[in-house]
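Start counting the sequence shown at 6; every next residue gets the next number (my numbering).
Written below as structure tokens is the structure these notes are about.
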Amino acid sequence: MADELTPALAESFAKIALGHVSREYPNSLAHMFDSAADAATPSQLHPIFYGSLDWHSCVHGYWMLARLMNRFPDLPSASRIVALFDAQLTADKVAGECAYFERPSSRGYERPYGWGWLLKLASELSAVRDIRWFETLKPLADIIAGRFTDFLPIATYPIRVGTHFNTAFALRLAADYADSVADGELTALLTATAERWYGGDAACPAWGEPSGDEFLSSALIEAECMRRLMTPDAFRPWFERFLPDIEGGRPGNLFVPATVTDRSDGKIAHLDGLNISRAWCWRALASSLAEHDPRHGMMIDAADRHLAAGLGHVDSDYMGEHWLASFAVLALEA
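What follows is the structure, given as structure tokens:
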């Protein structure tokens, strides 16, 4: 099993994404109809992100392609990625995506998961050698950053489920964007919100994991969010309080990969994503500990088990193929 992102694996992931980001159907469309005039196809509603079964998966498919091109400039598929970005990341098409978000009925569209991924994509594009794609997408990134700015102060409570509504995951991705564009105000808001929502958490039981529809560990993604946003000196004591029994292998369910029984079922297939995203979080969290810390080895072993359980299934069925490789890249690069 691969434990790092190699050029060969990157090329295989690129081919997967290139096969679905422009595939319009099947499509799971979450669309508010204000009137009959709003009846339209996915590509009419979303000029760029109409593929990959749904809007957010298409966005993080584009993120993965940008990431792979940044990591491996000589990737065999690089020319196809450039051609795709040139064709799709245009001012007119970005304006169309912006127009959709500017509808009053789209105030909460893709909140918060899609918001986080759009900013993650913009962050990656800011590191591409040709900055024009980032500059073209920037108006949409500005809208989404504004959504975070408007929403977080009125969001009294976090959402802890292991699905698209999880707020810790969105904060974690948005933090990368805020850093990449040096938006200190957004970073401060994300940090303050994370501390307000999660700062007092302790002795996390993780008793509800896994459920049958999760692709995120609500416990581990919260910890990863705090690792990303807190200073190391502040994070370590928080982590000690939050998961105090890791050395004893508890909560035990966090160390055991989920069982996936039917990868053609979109909800059950989420559990492959849970295994892969847990691997990402375990690896990232282990990096906050000294290698001689006994928890470090336990966390790396847990990451390896979860990655082994999920990595071989990123293209088993379209229900997973349209999104799992993006999470595999997160895990392999943690």
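Note that the Cβ used here is the ideal one computed from N, Cα and C, for glycine as well.
Note that this is a predicted model, so its numbers are computed, not measured.
- The residues Asp206, Ala207, Cys209, Ala228, in chain order, have a CB closer than 7 Å to that of phenylalanine 247 in the same chain once the five nearest residues on each side in sequence are set aside.
- A check of alpha carbon separations from phenylalanine 156 across Leu195, Ala274, Leu80 identifies Leu195 as the nearest.
- Within the segment 68-122, complete alpha helix (DSSP H) segments of at least 4 residues are found at 83-93, 96-106, given in chain order.
- Our two residues, aspartate 309 and alanine 127, have alpha carbons roughly 30 Å apart in a direct line.
- Annotated three-state conformation of lysine 272 is coil, per DSSP.
- Apart from sequence neighbours up to five positions away, the residues of its chain that approach methionine 231 with a beta-carbon distance below 7 Å are Ala199, Tyr203, Phe240, Trp243, ordered along the chain.
- Under the three-state reduction of DSSP output, leucine 10 falls in the coil class, being neither helix nor strand.
- Here valine 166 carries a coil assignment [DSSP, helix/strand/coil].
- For arginine 241, the enclosing alpha helix (DSSP H) stretches over residues 237-247.
- Comparing C-alpha distances from arginine 255 to each of Leu58, Asp238, Leu123, Met304 shows the shortest one belongs to Met304.
- Residue burial annotation: alanine 330 is buried, with at least 16 other C-beta atoms found within 10 angstroms of its C-beta.
- In the displayed model, aspartate 188 falls within coil according to three-state DSSP, outside both helix and strand.
- In the same chain as proline 163, and ignoring 5 residues on each side of it, the C-beta atoms closer than 6 Å to its own belong to Thr172, Trp202, in chain order.
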